[in-house]
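Counting in our numbering, the sequence shown tops out at residue 418, every number present. See below for the structure under consideration.
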Amino acid sequence: MELELLEELKAISNRHTAERYSSGDSKATLCSSKVSSSATTANNSTTFLEQAVEDQKLNQYWYSQHTIDTLRDAIQEGVTSLDKDAPRVAFLSTPSLYFAFDEAERRNFHLFDFDSKAPWSNDARYVYFDYNHPLSFDESLRNAFDMVVIDPPFITREVWDKYAATTEALATDNTGSSPKPLVLATTVHENAPLMKELFDVTPTAFQPSIPNLVYQYACFTNFPCNCLAQPNKEIPL
182 MELELLEELK
192 AISNRHTAER
202 YSSGDSKATL
212 CSSKVSSSAT
222 TANNSTTFLE
232 QAVEDQKLNQ
242 YWYSQHTIDT
252 LRDAIQEGVT
262 SLDKDAPRVA
272 FLSTPSLYFA
282 FDEAERRNFH
292 LFDFDSKAPW
302 SNDARYVYFD
312 YNHPLSFDES
322 LRNAFDMVVI
332 DPPFITREVW
342 DKYAATTEAL
352 ATDNTGSSPK
362 PLVLATTVHE
372 NAPLMKELFD
382 VTPTAFQPSI
392 PNLVYQYACF
402 TNFPCNCLAQ
412 PNKEIPL
């Protein structure tokens, strides 16, 4: 039954594939005090949701505002745990999370996305990204990121394999004393074995709310995260 469900979810996810791609003490107080869920953060996520219209031909389905704010806090918790002056984060197909941070915070971030017509394509750190060409980005970005945040438009292994190749190329070289690059990703829970294989990530208690998506996603990380340790109040038990 579980296998049949996963196949059904994959079929739904790939409904618009041809149209979409024709080219072939950790920081516990961070969340408990909601330090990063400031009015500015809330305004950022609200503005994005108001201005960015989902394009279902591109399989664009935005997280809810509460989910954006929570995942934003989780990203902040992750990069803070690295204890680096200027950690760099790559956002793969996750514009709502990229723009949850203000301009000053984004100075070391890059957004990789296919939708070059969207308003965010004018951002100075936008990188056109087609997963069919997972290594097609400037050489200066290779092995440059301490964290990669991933939300592909489709849930199949074929797609995830390509995002994994991109992640490996973008992530900092995990040798010597350098901490391992962090990964935060969302997909269906049935993909948990695949996510473990590709990224060594495990599901969190928090599940993202995606109001216009017909099936439930899970969140996966390779680092302990207090911000994602509790269930999402938006998701019915």
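A virtual CB, placed ideally from N, CA and C, is assigned to each residue, including glycine.
Of the residues assessed, Ile249 falls on the buried side of the cut-off, its CB having 16 or more other CB atoms within 10 angstroms. Contact between Tyr396 and Val364 does not hold, since their C-beta atoms are separated by about 22 Å, which reaches or exceeds 8 Å. Bounds of the alpha helix (DSSP H) holding Tyr279 are 276 to 279.
Taking Asp354 as the centre and dropping the five residues before and after it, the same chain places the C-beta of Asn324 closer than 8 Å to its C-beta, in chain order.
Inside the stretch 304 to 331, DSSP marks whole beta strand (DSSP E) runs of 3 or more residues at positions 307 to 309, 328 to 331, from first to last along the chain. Between Met376 and the set Glu339, Leu351, Phe310, Ile391, the nearest pair of CA atoms involves Glu339. The stretch 380 to 398 makes no contact with the stretch 300 to 312: fewer than 3 CB pairs, one atom from each, lie closer than 8 Å.
Glu235 and Glu320 have their alpha carbons spaced roughly 31 Å apart. At a Cβ-Cβ threshold of 8 Å, Val270 and Phe326 count as neighbours.
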